[in-house]
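Top to bottom, those sequences are chains A and B.
Here our numbering is used: the first sequence runs in plain steps of one and ends on residue 435.
Here our numbering is used: the second sequence runs in plain steps of one and ends on residue 1320.
Ideal Cβ placement from N, Cα and C applies to all residues, glycine included.
As structure tokens, the structure follows; a few thoughts come after it.
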Amino acid sequence: MLALATDCASGLSAQEKIARFKQLDSEAETAMQQHRASEAVRLYEDAVCLVPNSARGYYGLGVAQAAAGDFLKARESLRTADRLQPATGMPLVMQVRVNFSLGDMDTLKDNLREAAARFPHDADLHTTLARFLAEQNLFVLALAEALRADQGSDDWNSKVQLAILENTVGAHEDAIQNALAIEQNHQLPEQARGAAAGIAGLSYESLHKPDQAVHYLNEAIQLDPAQDNSYLALADLFEQQQKYPDAVNVLKQARAHVPDSNAVLLALGADLVRAEQYKEGLEALRELLQKAPDTPEAYISIADAARRTGDAAQEVGALRELERRKPDYPMIHVLLARAMLNQQPPEYQRILDELSIAAKKDPNDSDVYFLQGKVYVALGRYDQALPALQHSIELRPTEPSPYYQLARVYQKLGKAELAKEQFERVKFLESANAK
Amino acid sequence: MIEGTVTAPNLLFIRDHFNEPDVSVGTWKLRIEGRVDRRYEFGFADLAEMPSKKVEAVLECAGNAANGSAVSNGVWEGVPMSSLLEAARPAPDAAYVLLEGADSGRLLQDGPPLPYSQLVPLDKCRDTSSLVAFKYNDLTLPKSNGFPARALFQGLYGMNSVKWLRRIVVLRAGDQGTVFDRSGMNRLYNRVTRQSGADRITRVSSVQVKSAIAWPTDGLKLPAGHYEIWGFAWSGGGAIRQLSISVDGGKQWNSGKLTSPANPYGWVRWSYEWNAKPGDYALMSRAKDATGSEQPLTRDPARKDGYELNWCMPIHCSVR
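Now the structure itself:
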């Protein structure tokens, strides 16, 4: 509870009250800058006790209360600030933030409607709101605010933000229209035009127009070569088209202009491997791991390169390192077991141990039991291979491979009729799949 | 094929009468007019910031084939039409609402191009679950499904959930026929039943009880073994209470299991454990809703239209 104004101001002249208020306000600001929110709350409480009609005091109090995590009180203080000084929009902006923290979307929307009604042409206010809402992944509300900002301004920043949001929510034609208006305006900074060209490229990609997408992403690169996003988006487009050498060329260009980008290095390494340039690919991936050793995709790409070049030991080594760093990486034990099966000679018991861990993690993964079955077949332990393969079939009855292994088991056991039946199922399923 | 307890946005079915219109989110407006005290219009920013609600609903095309894929289930978010209408203050004699989309074309060879529109009773629009929807499964609507906003009615066939909605016109009783006839839309979505040599024509409206087998798909070849036959069932009349399965073309029926919560207007997932032995099979599913309505085993031979195709159509598969 705030003390009554008469108590906290007793004995002070009007001039002294103002002086004391300024002092408290300054101390509270310092406390906020030093992340001492609770102390700032106390100082602002004293300040508004002295000057109860101070919008600045209540605004500061609300911000401090929010920083201290007391969102309900913050909301009340900000409402008071708004009531005392309705000509400024900042208390409303802060209320949006506080209501988001409270998870009170209805009141947050009330704030937005009030901001629209009271400040229809304040582009800065609506841009601020759009940015905040986009940061919280509230893209539709962010788009609404960006549309309001666009109505109140010709500022290219607002238009870029609007185009980004339109692209994000799927209004690709709108995004292209707004982005191209900026891209084609040669009075604007090249950075802005580059960002706009990038948005146009991404929107064209979403509309399945790859030629235009490539054109505008290249344009984005030329206009602003220091942004890694455009290179990555263009390389991604080439990857989807399985044009790996083209992706590599784009990413090499990116390396020259944005040498510190780990994202570029990862993509370059992976695409070099896909383009069968293994030596260079491994060099890029290893360079990345020296800088960022917890990058799982890099280990997967190294394992991929090793598998393609028949280096099972390196494949297992890369996956082991991944397991060490990310023990919960999806399907890591199945990946390891597969890689270990390629080693000569395979260490079957260790593979079974790996599969046993995989089965505990995901008892419904049919691949685990299929691989177990394969190992038991290789070891001649047909009595154990049978239930493993049958269980794999139960979990995924339309996959032909376990039937093939099962047929081999029956052959080994001298059960020719049962083996024939399984071989027929393989043929039957392969014909069904081909259809 | 239908799939997922909630249909992914990229799998939402698409049925249009006219070409998809060019609608810009920046210039889109929805106008409310007709027999109201206060006509008004608003844009996407206004709509997005109004109080909204979410409803789960099956959306099915009235002409969806038996076992067809022109049906989906999902969570729609939008502004209750009731609050939009309330703000316009409909006249006491208001009884119908004409919903108009931004798509237009010629329904009649010699007729003028007209916007797609549908007529819905005002009471249904005032139902708090009837929305001007702008989100589906927490994402904006796909463009081909009505972006930036469309109507959404639980329990009614999809044609009433007008896409690219741009006008809501409140009409008084007696005017609706004239206005609707003029649009030419009265020629669509009619139930035509041949009785005693004459055609009886009534309007198609509520979704009929129906089920579909999602797996196995028609013509699938399977090795012998244990399988889960599964699919979905729904009705505009109430929650699904019972699902039966036949693997022999309807001679014998067994109970399926409802495996997701029953929802009056969403669909329910069902399954049936099947020990498939070698042979050829005709699989059928049959649903019954809370009102006792049950899927017919065959199409009513008196029906001369192509709507409400909710009979139990078999799908075939062979097991070896």
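Less than 7 Å between C-beta atoms, sequence neighbours within five positions excluded: which residues of the same chain meet that for residue i?
{"i": "Ile18(A)", "result": "none"}
{"i": "Ala434(A)", "result": "Confidence is the limiting factor: at Ala434(A) the pLDDT is only 49, short of 50, which leaves the residue's position unreliable and the question unanswerable from this model."}
{"i": "Met1(A)", "result": "In this prediction, Met1(A) scores a pLDDT of 45, lower than 50, which makes its location untrustworthy; no coordinate-derived value is stated."}
{"i": "Asp46(A)", "result": "Cys8 and Leu24"}
{"i": "Ala235(A)", "result": "Ala247, Val250, Leu251, Ala267 and Asp271"}
Beta-carbon of residue i versus every beta-carbon of chain C: anything under 7 Å?
{"i": "Pro1278(B)", "result": "In summary, chain C is missing from the structure at hand, where the protein chains are A and B."}
What residues of chain A sit near residue i, judged by a beta carbon separation below 8 Å?
{"i": "Glu1326(B)", "result": "Missing from the structure shown is residue 1326(B); chain B here goes from 1001 to 1320 and no further."}
{"i": "Pro1142(B)", "result": "Gly170"}
{"i": "Lys1135(B)", "result": "Val140"}
{"i": "Phe1147(B)", "result": "Gly170 and Ala171"}
Can you pull the chain B residues whose beta carbon is under 7 Å from the beta carbon of residue i, in chain order?
{"i": "Phe428(A)", "result": "Lys1221, Pro1223 and Arg1320"}
{"i": "Asp106(A)", "result": "Pro1051"}
{"i": "Glu166(A)", "result": "Val1025"}
Which residue comes first and which comes last in the alpha helix (DSSP H) that contains residue i?
{"i": "Ser1117(B)", "result": "Unbroken run through Ser1117(B) is the beta strand (DSSP E), Leu1114 to Pro1121; no alpha helix (DSSP H)."}
{"i": "Tyr410(A)", "result": "Pro400 to Lys412"}
{"i": "Glu1294(B)", "result": "Unbroken run through Glu1294(B): none, as it is neither H nor E."}
{"i": "Cys49(A)", "result": "Ala37 to Leu50"}
{"i": "Asp124(A)", "result": "Ala123 to Glu135"}
{"i": "His215(A)", "result": "Pro210 to Leu223"}
{"i": "Asp246(A)", "result": "Tyr244 to His257"}
{"i": "Asn157(A)", "result": "Trp156 to Val169"}
{"i": "Gly1184(B)", "result": "Counting along the chain, Gly1184(B) falls outside any alpha helix (DSSP H), and DSSP gives it neither H nor E."}
{"i": "Pro91(A)", "result": "Met90 to Ser101"}
{"i": "Phe1042(B)", "result": "Per DSSP, Phe1042(B) belongs to no alpha helix (DSSP H); it is in the beta strand (DSSP E), Tyr1040 to Gly1043."}
{"i": "Asn111(A)", "result": "Met105 to Arg118"}
Starting from residue i, find everything on chain A with Cβ-Cβ shorter than 7 Å and list it in chain order.
{"i": "Ser1072(B)", "result": "The contacting residues do not exist; Ser1072(B) stays about 17 Å from chain A at best."}
Taking the continuous beta strand (DSSP E) assigned at residue i, which residues delimit it?
{"i": "Leu1011(B)", "result": "Taken as a continuous stretch (DSSP letters only), Leu1011(B) belongs to no beta strand (DSSP E), as it is neither H nor E."}
{"i": "Trp1230(B)", "result": "Gly1225 to Trp1234"}
{"i": "Arg1191(B)", "result": "Asn1190 to Gln1195"}
{"i": "His391(A)", "result": "Segment Tyr382 to Leu395 is the alpha helix (DSSP H) holding His391(A); no beta strand (DSSP E) there."}
{"i": "His1379(B)", "result": "Here chain B comprises residues numbered 1001 to 1320, so residue 1379(B) is not present and cannot be evaluated."}
{"i": "Phe1134(B)", "result": "Leu1131 to Tyr1136"}
{"i": "Arg324(A)", "result": "No beta strand (DSSP E) holds Arg324(A); the alpha helix (DSSP H) holding it covers Ala312 to Arg325."}
{"i": "Asp1022(B)", "result": "Neither: Asp1022(B) is in no beta strand (DSSP E) and is coded neither H nor E."}
{"i": "Leu1152(B)", "result": "Arg1150 to Leu1152"}
{"i": "Asp1199(B)", "result": "Ala1198 to Arg1203"}
I want to verify the contact list: residues of chain B whose CB lies under 8 Å from the CB of residue i, in sequence order.
{"i": "Leu147(A)", "result": "Val1025, Gly1026, Gly1043, Phe1044 and Ala1045"}
{"i": "Tyr403(A)", "result": "Pro1223"}
Using the beta-carbon of each residue, which ones in chain A are nearer than 9 Å to residue i?
{"i": "Asp1022(B)", "result": "Glu173"}
For residue i, which residues in chain B fall below 9 Å Cβ to Cβ?
{"i": "Glu394(A)", "result": "Gly1225 and His1226"}
{"i": "Arg425(A)", "result": "Pro1223, Ala1224 and Arg1320"}
Near residue i, which residues of its chain fall below 6 Å by C-beta distance, leaving aside the five closest residues on each side in sequence?
{"i": "Leu1011(B)", "result": "none"}
{"i": "Glu394(A)", "result": "none"}
{"i": "Phe134(A)", "result": "At residue 134(A) the sequence reads Ala, which differs from the Phe that was named. Cβ neighbours of Ala134(A) beyond the five flanking positions: Ala142."}
{"i": "Asp1280(B)", "result": "Ser1318"}
{"i": "Lys73(A)", "result": "Gln65"}
{"i": "Met1050(B)", "result": "Val1079"}
{"i": "Ala3(A)", "result": "In this predicted model, Ala3(A) has a pLDDT of only 49, less than 50, meaning its place in the structure is not dependable; the value taken from the coordinates is given anyway. These residues qualify, in order along the chain: Cys49."}
Counting only the same chain and skipping the five closest in sequence on each side, list residues whose C-beta sits under 8 Å from that of residue i.
{"i": "Asp1138(B)", "result": "Val1075 and Glu1077"}
Pair every Cβ in the segment 1250-1261 of chain B with every Cβ in the segment 1121-1134 of chain B, then say whether three or more of these pairs are closer than 8 Å. no
Short-range partners of chain A found in the segment 1221-1254 of chain B, where Cβ spacing is below 9 Å: Lys1221, Leu1222, Pro1223, Ala1224, Gly1225, His1226 and Tyr1227
Between the segment 1110-1124 of chain B and chain A, which residues of the former have CB atoms less than 8 Å from a CB of the latter, in chain order? none
I want to know whether the segment 1209-1223 of chain B touches the segment 1286-1299 of chain B - three or more CB-CB distances under 8 Å. yes
With 9 Å as the limit, tell me which residues of the segment 131-144 of chain A have their beta carbon closer than that to any beta carbon of chain B; keep them in chain order. Phe139, Val140, Leu141, Leu143 and Ala144
Would you call the segment 1304-1314 of chain B and the segment 1270-1278 of chain B touching, i.e. three or more CB-CB distances under 8 Å? no
When the Cβ atoms of the segment 158-172 of chain A are set against those of the segment 134-142 of chain A, are three or more pairs found closer than 8 Å? yes
Can at least three beta-carbon pairs, one atom from the segment 290-301 of chain A and one from the segment 311-328 of chain A, be found at a separation below 8 Å? yes
According to a CB-to-CB cut-off of less than 7 Å, which residues of the segment 17-40 of chain A neighbour chain B? none
The segment 336-348 of chain A / the segment 369-377 of chain A touching (three or more Cβ pairs under 8 Å): yes
Meets three-Cβ-pair contact criterion under 8 Å: the segment 1148-1163 of chain B and the segment 177-196 of chain A: no
Quick check: the segment 1130-1150 of chain B against the segment 1187-1205 of chain B, are at least 3 beta-carbon pairs closer than 8 Å? no
Do three or more CB pairs link the segment 1185-1198 of chain B to the segment 1238-1258 of chain B at distances below 8 Å? no
Would you check if the segment 399-417 of chain A and the segment 379-390 of chain A touch, i.e. whether three or more CB-CB distances between them fall below 8 Å? yes
With a cut-off of 8 Å, do at least 3 Cβ pairs link the segment 1031-1043 of chain B to the segment 1079-1093 of chain B? yes
Given a limit of 8 Å on CB to CB distance, which residues of the segment 367-399 of chain A reach chain B? Ile393, Glu394, Pro397 and Thr398
Should the segment 1166-1185 of chain B be called in touch with the segment 1095-1102 of chain B, which here means at least 3 C-beta pairs below 8 Å? yes
Selection of the segment 174-203 of chain A by Cβ proximity to chain B, strictly under 9 Å: Asp174, Gln177 and Asn178
Can at least three beta-carbon pairs, one atom from the segment 1106-1119 of chain B and one from the segment 1055-1066 of chain B, be found at a separation below 8 Å? no
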